[in-house]
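*Asks:* Chains as they are written, first to last, in this note's numbering: chain A, 465 to 628; chain B, 465 to 628. Positions of the beta carbon are idealized from the N, C-alpha and C atoms, including for glycine. The structure presented is a predicted model; accordingly, all values stated were derived computationally and were not measured.
2 protein chains.
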Amino acid sequence: MPQSARVPTKISDKLHLDRFVPYRLSVLSNIVSMSIAHTYEREFGLTIPEWRVIAVLARYPNLSAIEVAERTAMDKVAVSRAVQSLIGARRLLRTYDKGDRRRSMLRLSSSGHAVYTRIAPLALGYERKLLNALSASDRRALDRLIGRLMERARLLDHLDGNGS
Amino acid sequence: MPQSARVPTKISDKLHLDRFVPYRLSVLSNIVSMSIAHTYEREFGLTIPEWRVIAVLARYPNLSAIEVAERTAMDKVAVSRAVQSLIGARRLLRTYDKGDRRRSMLRLSSSGHAVYTRIAPLALGYERKLLNALSASDRRALDRLIGRLMERARLLDHLDGNGS
DNA sequence: CGTCAATGGTTACAATTGAAACTATCGTAC
DNA sequence: GTACGATAGTTTCAATTGTAACCATTGACG
Numbered sequence: 465m466p467q468s469a470r471v472p473t474k475i476s477d478k479l480h481l482d483r484f485v486p487y488r489l490s491v492l493s494n495i496v497s498m499s500i501a502h503t504y505e506r507e508f509g510l511t512i513p514e515w516r517v518i519a520v521l522a523r524y525p526n527l528s529a530i531e532v533a534e535r536t537a538m539d540k541v542a543v544s545r546a547v548q549s550l551i552g553a554r555r556l557l558r559t560y561d562k563g564d565r566r567r568s569m570l571r572l573s574s575s576g577h578a579v580y581t582r583i584a585p586l587a588l589g590y591e592r593k594l595l596n597a598l599s600a601s602d603r604r605a606l607d608r609l610i611g612r613l614m615e616r617a618r619l620l621d622h623l624d625g626n627g628s
Numbered sequence: 465m466p467q468s469a470r471v472p473t474k475i476s477d478k479l480h481l482d483r484f485v486p487y488r489l490s491v492l493s494n495i496v497s498m499s500i501a502h503t504y505e506r507e508f509g510l511t512i513p514e515w516r517v518i519a520v521l522a523r524y525p526n527l528s529a530i531e532v533a534e535r536t537a538m539d540k541v542a543v544s545r546a547v548q549s550l551i552g553a554r555r556l557l558r559t560y561d562k563g564d565r566r567r568s569m570l571r572l573s574s575s576g577h578a579v580y581t582r583i584a585p586l587a588l589g590y591e592r593k594l595l596n597a598l599s600a601s602d603r604r605a606l607d608r609l610i611g612r613l614m615e616r617a618r619l620l621d622h623l624d625g626n627g628s
């Protein structure tokens, strides 16, 4: 049978990459992440994982590595590497829990804290400039939509056996 | 002067990672991308770049590698690698432009097309399930917001010397 | 025509990342 | 106490990716 006798494709089967929400999200997120990353890479030699570790420890000192992983959506290997490099750069201090010596307790050194207080405004400034594209009500909508999608995405992930 | 004499931090300087839009976007996008990627990795052994190349060629046959790169937001090295592997798996055919022999012309083989017609519904099905978390008007809003943010993110990127 | 910059694409090598195995400590059960 | 599984974290090795250098072809210019 010749190829030309083809069943017409249903509209719902057509995938137009640039209207496909997962793809659009991915592109948007990449541009945004790289823009910000570029800023603190350039000025402080920090990678994204390192910056995330700093940001979360600024807010919650004395977390263990695993707790950092949970709060940053990084895996523990990534945290371990970021922590090592930050300790090497004297931006982080590590002590060990008295009662459970497996458990590390991480906090910023004063130099680490200084980095944080200089980067945080830059990051927030970028966010502000980005969100300036939106009205106040659109900003609230965005926040709500991201939250809903996140929740749903996690649900689907677990249902389909991808998750933990 | 002792450290304890510290200027109180302004509210606007505080960065709470899980309320920071770029971070939330990144986490959301990762979960979504990995969920979908898992599907077609499992069933067809395709990577994300490979799948993107297939998707765009299904829609626009006979693009060159560079045109594929433009339409998929991938760089040309990534395209080159995905194309090589797809040709190796006989899912893509490459010919060269008669008038300009640098230029390749890529299109799906019938096997490549078969893969597309089987994956596209899965991808769209995932998208539909994801967007089921939203009302119809929220879906429209999402689309609009992503578009606005993308435009703005590109603008900021270029202004700040990150872009091309 | 011959040089030279630009374009399309690939290759090579280093840096990043991910998965699995590993060490060390702890808690529990015997 | 000691054996066992679980938890915290690290190391190792392979796969992925990113950057820069590299061909080949083309187009423009003298």
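Let me know if A600 (chain B) comes out buried or exposed under the rule of 16 or more other beta-carbons within 10 Å of its beta-carbon.
*Replies:* exposed
*Asks:* Please name the residue, chosen from B:A522, B:S568, B:Y560 and B:Y524, that lies closest to K540 (chain B) on a Cα-to-Cα basis.
*Replies:* B:S568
*Asks:* Do we get a CB-CB distance below 9 Å when we pair P486 (chain A) with the residues of chain B?
*Replies:* yes
*Asks:* At which residues does the alpha helix (DSSP H) containing M538 (chain A) begin and terminate?
*Replies:* Taken as a continuous stretch (DSSP letters only), M538 (chain A) belongs to no alpha helix (DSSP H), as it is neither H nor E.
*Asks:* Pairing CB atoms from the region 570 to 587 of chain A with CB atoms from the region 546 to 556 of chain A, are three or more of them under 8 Å?
*Replies:* yes
*Asks:* Does the CB of L606 (chain B) have a neighbour CB from chain A at under 9 Å?
*Replies:* yes
*Asks:* Using a C-beta to C-beta distance shorter than 7 Å, which residues of chain A count as neighbours of D621 (chain B)?
*Replies:* The CB of D621 (chain B) comes closer than 7 Å to the CB of I495 and S499 in chain A, given here in chain order.
*Asks:* Classify T473 (chain A) as buried or exposed, calling it buried when 16 or more other Cβ atoms lie within 10 Å of its own Cβ.
*Replies:* Because T473 (chain A) carries a pLDDT of 46, less than 50, the predicted location of this residue cannot be relied on, and no value is offered for it.
*Asks:* Chain A partners of I610 (chain B), CB-CB under 8 Å?
*Replies:* V485, R488, L489 and L492
*Asks:* How big is the Cα-Cα spacing for A529 (chain B) and W515 (chain B)?
*Replies:* 14 Å
*Asks:* Let me see if you follow: with CB-CB separation under 9 Å, is Y504 (chain B) close to chain A or not?
*Replies:* no
*Asks:* Identify whether T581 (chain B) lies in helix, strand or coil by the three-state DSSP scheme.
*Replies:* helix
*Asks:* Is the beta carbon of I610 (chain A) less than 9 Å from the beta carbon of V485 (chain B)?
*Replies:* Cβ distance < 9 Å, so I610 (chain A) and V485 (chain B) count as in contact.
*Asks:* Restricting to runs no shorter than 3 residues, where is the beta strand (DSSP E) found entirely within the region 500 to 538 of chain A?
*Replies:* none
*Asks:* Could you tell me the boundaries of the alpha helix (DSSP H) in which S601 (chain B) lies?
*Replies:* Taken as a continuous stretch (DSSP letters only), the alpha helix (DSSP H) holding S601 (chain B) covers A600 to L623.
*Asks:* With distances taken from CA atoms, which of B:R488, B:E531, B:V532 and B:M498 is nearest V496 (chain A)?
*Replies:* Looking at the Cα atoms, B:R488 is the closest of the given residues.
*Asks:* L570 (chain B) versus chain A: which residues are under 9 Å apart at the beta carbon?
*Replies:* For a Cβ distance threshold of 9 Å, nothing in chain A lies close to L570 (chain B): the least Cβ distance comes to about 15 Å.
*Asks:* Can you tell which of B:E531, B:L510, B:V520 and B:D561 has the C-alpha that lies nearest to the C-alpha of S549 (chain B)?
*Replies:* B:L510
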